Ligand code: 5GP
């Protein structure tokens with residue numbers, strides 16, 4: 077099974093994932109290879125490969141993804157200490173899984189700029 081199919085299963089609520097938040101159109105679950113004490117991925121239930129595939133009609137969906145990120149940060153106790161939200165897009169952006177996902181990373185000071 078491809079990683080995209082694994083994410084699609086998780087998006088349908090059928091996959092094997094550590095889900096920390098769900099709403100009508102998005103699911104948030106822990107990254108299998110965390111880069112920080114908190115590393116959660118927010119994905120849409122609908123299969124969208126990359127940020128480039130979004131249209132102006134997807135504004136509400138993006139809002140729901142960032143609302144989920146805020147709620148994850150609150151539940152994980154990093155709302156005050158701070159965190160980073162990241163969409164990796166395409167090969168140069170370091171995207172490995174072509175099911176749109178918003179990384180929520182925190183729980184330690186993060187360096188800038190990224191590599
Ligand atoms: P990308 O590089 O595409 O922005 O990020 C993909 C992320 O998905 C990586 O951080 C990777 O650790 C995570 N990942 C890959 N396969 C799985 C999986 O099967 N389950 C979970 N929970 N995370 C995964």
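Numbering (my numbering), first residue to last: 77 to 191.
Don't be surprised by glycine CBs; every beta carbon is placed ideally from N, CA and C.
Keep in mind that this is a model prediction, so the values were computed, not measured.
Tell me the DSSP bridge mates of residue i?
i, result
"residue 178", "118"
"residue 155", "DSSP lists no partner for residue 155."
"residue 28", "There is simply no residue 28 to check, as the chain begins at 77 and stops at 191 in what is shown."
How is the alpha helix (DSSP H) around residue i delimited, first residue to last?
i, result
"residue 148", "135-152"
Would you mind stating whether residue i and residue j have Cβ atoms separated by less than 7 Å?
i, j, result
"residue 154", "residue 183", "yes"
"residue 83", "residue 119", "yes"
"residue 177", "residue 117", "yes"
"residue 192", "residue 160", "This structure cannot speak to residue 192, because the chain is shown only from 77 to 191."
Tell me which same chain residues have a C-beta within less than 6 Å of the C-beta of residue i, skipping the five on either side of it?
i, result
"residue 94", "105, 106"
"residue 125", "174"
Could you tell me the boundaries of the beta strand (DSSP E) in which residue i lies?
i, result
"residue 98", "95-98"
"residue 104", "102-106"
Excluding sequence positions up to five away, which residues of its chain have a Cβ less than 8 Å from the Cβ of residue i?
i, result
"residue 170", "164"
"residue 166", "126, 128"
"residue 87", "103, 119, 120, 121, 122, 123, 175"
Skipping 5 residues on each side, what residues in its chain have a beta carbon closer than 7 Å to that of residue i?
i, result
"residue 99", "140, 144"
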